[in-house]
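Have a look at the structure below, then the notes.
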Amino acid sequence: MQVAYVAKRLRRFKSKIKGAVDIVTVTDPELDVPDQTALSLSTAAARKLSTTTKSQPQMQGTTSRWLLRMLPWVNLTAGTYRVNRRLTCAVGDGRITFTNTGAQVQVIPQELGELPLLRGFDDDAALSALADRFVQQEFEAGQVIATAGRPAGQLVLIAHGKVNRVGTGEYGADTVLDVLADGEFFGGQVLATDQSTWDSTFKAVTPCTALILSRQALLEVNNQFDRLRTHIAANHDNPAPPQNRQGEADIEITSGHSGEPRLLGTYVDYELAPREYELAVAQTVLRVHTRVADLYNQPMNQTEQQLRLTIEALRERQEHELINNRDFGLLHNADLRQRIHTRTGPPTPDDLDELLSRRRKSRFFLAHPRTIAAFGRECNRRGIYPQTATAQGRQVHAWRGVPILPSDKIPITADGTSSILVLRTGEEDHGVIGLQQTGIPDEYRPGLNVRFTGISEQAVISYLVSTYFSAAVLVPDALGVLEHVEIAR
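So the number in the working numbering is just where the residue sits in the sequence shown, counting from 1, plus 2.
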């Protein structure tokens with residue numbers, strides 16, 4: 003009985019295995035065995051008699067291009083835009099450029115003309131002699147470079163690093179009055195007199211490389227070059243003409259008087275050589291084979307799709323140039339007095355407040371998306387939740403009600419730093435404007451034209467696609483830049 007029972011169970015088990023194998027054989031799509039049991043037409047065969055629903059060609063490089071959308075565009079009629087301003091008195095507040103060979107840093111002699119008392123001095127021999135007398139010195143973070151109240155006997159050029167200018171506040175506590183960084187300097191009074199003292203303490207925030215010119219070295223060069231000694235003496239004895247806080251020639255006005263005093267006479271002087279912005283161009287040649295243009299236009303026109311994607315790429319390049327072009331790009335056209343540095347490295351609410359405080363009617367910030375994320379982390383660290391604002395119908399991050407708009411065209415350096423821009427826009431507000439010219443021949447979109455240039459012997463149709471544009475900063479405080487923003491911390 004037991005043997006018969008075991009044999010019966012084995013027969014049932016084999017039948018189950020056989021059934022399982024049969025199921026795998028029929029349904030497993032990985033087996034290369036013709037389906038002999040299909041009851042309907044397969045989808046692969048059905049597609050031979052059907053079409054597909056297609057999308058337009060997609061492009062990963064398309065971005066929001068907020069700068070192009072937010073700038074007010076001014077139409078030109080002659081391809082050039084002149085910015086007339088009041089006369090500005092040069093006070094020598096620029097930055098100095100250096101060169102380096104390995105770790106050895108040198109100042110470019112002609113760049114010493116950025117010092118106030120050397121502005122306009124063009125004797126290359128004397129400037130080269132001065133440049134050779136600078137001594138390189140390294141400072142560690144936290145090290146004091148100069149102490150308030152002590153004799154100021156040296157001129158210090160900051161080649162690399164960040165320095166705090168520290169003074170005493172109203173209640174006796176130390177206060178950071180300013181932050182100096184690459185290309186800036188202090189101690190210019192050494193060129194004029196040997197009786198001065200430091201009005202502030204200068205302390206290195208990061209490891210710094212500085213070039214130092216002592217008073218004694220300056221006197222030795224002065225004794226060699228009479229023109230240099232005469233130029234410094236003349237500039238020291240004849241200060242700059244009266245000017246307002248922005249450096250513009252002052253307008254004499256009488257106020258607070260009574261009776262009939264003699265009123266001051268005045269006039270408003272203009273710059274004799276105002277800056278002119280010429281329209282830049284971004285161009286490419288679009289090529290389409292006649293066979294493609296003739297035969298493959300359903301359901302979408304091939305030429306139109308090629309042109310659409312080409313224009314998208316041109317618009318991306320246009321925004322890149324508006325930010326990075328060395329001639330008219332915003333990063334390079336910000337006034338040196340409108341460039342500030344972060345206090346601690348990452349972008350903090352304090353830094354953005356500093357940017358806003360330097361101008362009126364700020365319309366928007368522009369920053370790399372990673373920089374915006376870094377600002378969000380700093381807000382989280384302080385327990386602050388950033389506001390939001392509406393920009394062209396969209397909710398975006400904001401600070402003090404000013405939208406913070408993303409642009410991946412703002413570069414990030416190899417050491418993980420970037421910049422944040424803030425703009426006041428429009429001609430009426432003396433801000434930043436975009437420049438374009440409409441009504442050009444074969445115009446396809448405002449300021450952009452598409453011109454047929456012929457068919458080659460290879461039956462290839464060519465179209466020249468061009469867009470003309472530029473940007474102008476009407477007054478210096480319309481544009482500000484927060485530099486050396488650390489986003490990797």
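Cβ atoms here follow ideal geometry from the backbone N, Cα and C, with glycine treated the same way.
Residues near residue i by beta carbon distance below 8 angstroms, same chain, minus five either side
| i | result |
| --- | --- |
| ALA183 | ILE160, GLY163, LYS164, VAL165, HIS343, GLU485, HIS486 |
| ASP126 | PRO111, GLN112 |
| GLY171 | THR177 |
| LEU437 | TRP75, VAL76, LEU78, TYR83, TYR279, LEU281, PHE471, SER472, ALA473, ALA474 |
| THR64 | GLU314, GLU318 |
| ALA284 | LEU316, ARG319, GLN320, GLU323, SER468, THR469, PHE471 |
| PHE227 | ASP125, ALA127, ALA128, ALA131 |
| LYS205 | GLY144, GLN145, VAL146, ILE147, VAL165, ASN166, VAL168 |
| ARG328 | HIS334 |
| LEU41 | none |
| ARG402 | LEU354, ASP355, LEU358, GLN389 |
| ALA393 | TRP68, MET72, PHE366, PRO405, LEU407 |
| ARG383 | none |
Own chain, CB closer than 6 angstroms to residue i, minus 5 neighbours either side, in chain order
| i | result |
| --- | --- |
| GLN389 | ALA400 |
| GLY185 | ARG97, ILE98 |
| PHE100 | VAL107, VAL109, ALA161 |
| ILE214 | VAL137, GLN139, GLN156, VAL158 |
| GLY189 | ALA154, GLN156, LEU157, VAL158 |
| ARG229 | ASP125 |
Straight-line Cα distance separating residue j from residue i
| i | j | result |
| --- | --- | --- |
| PRO448 | THR440 | 5 angstroms |
| VAL475 | HIS259 | 38 angstroms |
| GLU445 | SER468 | 9 angstroms |
| THR195 | ASP353 | 36 angstroms |
| THR79 | SER364 | 29 angstroms |
| ALA375 | PRO405 | 14 angstroms |
| TRP200 | LEU70 | 47 angstroms |
| PHE187 | ARG135 | 16 angstroms |
| VAL477 | GLN138 | 37 angstroms |
| GLU32 | LEU368 | Model confidence at GLU32 stands at a pLDDT of 45, short of 50, so the residue's coordinates are unreliable and nothing is read from them. |
| LEU132 | GLU140 | 20 angstroms |
| LEU114 | ILE489 | 33 angstroms |
| ARG360 | VAL398 | 23 angstroms |
| ILE25 | SER57 | Because the pLDDT of ILE25 is 42, which lies under 50, any placement of that residue in the model is unreliable, and the number read from its coordinates should be weighed accordingly. Roughly 39 angstroms separates the two Cα atoms. |
| HIS370 | ILE325 | 12 angstroms |
| ARG152 | SER202 | 9 angstroms |
| THR208 | GLU142 | 7 angstroms |
| VAL85 | ARG341 | 21 angstroms |
| GLY378 | ASP180 | 25 angstroms |
| ALA295 | THR312 | 16 angstroms |
| ALA461 | SER44 | 41 angstroms |
| ARG339 | GLY482 | 9 angstroms |
| ARG67 | GLN60 | 17 angstroms |
| ARG345 | CYS381 | 15 angstroms |
| ILE435 | ARG362 | 16 angstroms |
| GLY347 | ASP410 | 20 angstroms |
| GLN308 | CYS210 | 52 angstroms |
| SER450 | ILE442 | For clarity, residue 450 is Leu in the given sequence; the question names Ser instead. Cα to Cα, the separation comes out at about 8 angstroms. |
| ASN102 | ARG217 | 24 angstroms |
| ALA46 | PHE454 | 43 angstroms |
| ILE414 | ARG396 | 26 angstroms |
| ALA236 | ALA219 | 20 angstroms |
Beta-bridge partners of residue i, as assigned by DSSP
| i | result |
| --- | --- |
| GLY449 | Paired residues: none, contrary to the question. |
| ASN225 | Bridge partners of ASN225: none, in fact. |
| PHE511 | Any question about residue 511 goes unanswered here, given that the chain covers just 3 to 491. |
| ALA391 | VAL398 |
| ILE435 | ALA474 |
| SER464 | ARG289, GLY456 |
| PHE204 | ALA148, ARG167 |
| PRO408 | ALA369 |
| ILE489 | None; ILE489 has no bridge partner. |
| PRO419 | Inspection of the sequence shows that residue 419 is occupied by Thr rather than by Pro. According to DSSP, which records beta bridges pairwise, THR419 is partnered with GLU488. |
| GLU273 | Partner(s): none; GLU273 has no beta bridge. |
Cut-off 7 angstroms between Cβ atoms - residues of its own chain near residue i, not counting five sequence neighbours on either side
| i | result |
| --- | --- |
| ILE386 | PRO351 |
| HIS432 | LEU476, VAL477, ALA480 |
| VAL28 | In this prediction, VAL28 scores a pLDDT of 43, lower than 50, which makes its location untrustworthy; no coordinate-derived value is stated. |
| ASP337 | PRO478 |
- Return the chain-ordered ranges of every alpha helix (DSSP H) run that is complete within the region 124-198 and spans a minimum of 4 residues. Segments of the alpha helix (DSSP H) lying fully in the region 124-198: 126-134.
- Item | the region 298-310 / the region 49-69 touching (three or more Cβ pairs under 8 angstroms) | Yes: the two stretches touch, three or more of their Cβ pairs being nearer than 8 angstroms.
- Just checking, does the region 66-79 make contact with the region 426-445 on the three C-beta pairs under 8 angstroms criterion? Contact between the region 66-79 and the region 426-445 is established, with three or more Cβ pairs separated by less than 8 angstroms.
- Cβ pair count under 8 angstroms reaching 3, the region 403-423 against the region 332-352: Judged by Cβ distances under 8 angstroms, the region 403-423 makes contact with the region 332-352, as three or more pairs qualify.
- the region 270-289 contacting the region 455-472, beta-carbon criterion three pairs below 8 angstroms: When Cβ pairs closer than 8 angstroms are counted between the two stretches, the region 270-289 is seen to touch the region 455-472, the count reaching three or more.
- Message: Just to confirm the assignment: which complete beta strand (DSSP E) runs, minimum length 3, are found wholly within the region 57-116?
- Response: Whole beta strand (DSSP E) segments, 3+ residues: 75-77, 82-85, 100-103, 106-109.
- Task: Within the region 290-345, note down every full alpha helix (DSSP H) run reaching 4 residues or more, in order along the chain.
- Result: Counting only runs of at least 4 residues, the region 290-345 fully encloses the following alpha helix (DSSP H) elements, listed from N- to C-terminal order: 292-297, 304-326, 332-335.
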